[in-house]
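See structure below.
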C-alpha cells in the first residue's frame, strides 16, 4: 500500500469511492444527508478536480496494486471565533476507505500522513467532524487519540 497525491486521470476512481462514502452516510443518517444525485456528483466532481489540480483542499489516496482503496481531504483552517485559543488548526474534511480494505491500516496510514503534514506546517491541533451515527468511524478516531471537544446538536422542527 502506498499513499500518494492522485492525478486527474484517477478522478473517476476517487469519485466512485466518494459515492460509496456518501451512500453509506445517507444510509446511516438520511435526515442529514441527501441521496446522491447527478447534480451532487457534478458538484463533488468539480470539488475533487480542484483538490487534485489546484490542491484546494489537499487530497491523498491510498493505493494497493494501483487500485485506489481510500482517500482523505484536508486543509489548514482558522478559528471562526475571536475567543478561541487555537487560532489555526488542521482540518480533516473527509476520510473514506473501501469496505473491502477496512481494518487493514489504510485509514490509519492516511491519517498519519496528514498528521505528519500538519506537524511540518507547525500546526498543533487537528479537527474533524464525524456523524454521531457512524460508530465505526467514531471508534477509529477515538482509538487514534481524537476526543470530542465540541458537539453539534440538531433539532428537526
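Numbering (the UniProt record's numbering), first residue to last: 1 to 157. All C-beta atoms in this analysis are idealised placements derived from N, C-alpha and C, irrespective of residue type, glycine included. Note that the structure is a prediction, hence the values are computed from the model and not measured.
So, for residue i: in the same chain, excluding its five sequence neighbours on each side, which residues have a beta-carbon less than 7 Å away from its beta-carbon?
{"i": "residue 110", "result": "3, 60, 62, 70, 72, 95"}
Short of 6 Å in beta carbon distance, which residues of its chain neighbour residue i, apart from the five on each side in sequence? Order them along the chain.
{"i": "residue 64", "result": "1"}
{"i": "residue 26", "result": "33, 35"}
Could you give the first and the last residue of the continuous alpha helix (DSSP H) run that contains residue i?
{"i": "residue 134", "result": "From DSSP, residue 134 is part of no alpha helix (DSSP H); its letter is neither H nor E."}
Under 8 Å, do residue i and residue j count as touching if we go by C-beta distance?
{"i": "residue 92", "j": "residue 48", "result": "no"}
{"i": "residue 31", "j": "residue 155", "result": "no"}
{"i": "residue 74", "j": "residue 55", "result": "no"}
{"i": "residue 130", "j": "residue 141", "result": "yes"}
{"i": "residue 123", "j": "residue 88", "result": "yes"}
Compare the Cα-Cα distances from residue i to each of the options and report the closest residue.
{"i": "residue 33", "options": "81, 11, 134, 128", "result": "134"}
{"i": "residue 52", "options": "155, 140, 9, 150", "result": "9"}
{"i": "residue 126", "options": "136, 35, 115", "result": "115"}
According to DSSP, is residue i part of a helix, a strand, or is it coil?
{"i": "residue 124", "result": "coil"}
{"i": "residue 78", "result": "strand"}
{"i": "residue 30", "result": "coil"}
Leaving out five residues on either side along the sequence, give the residues of the same chain with a beta carbon under 8 Å from the beta carbon of residue i.
{"i": "residue 42", "result": "none"}
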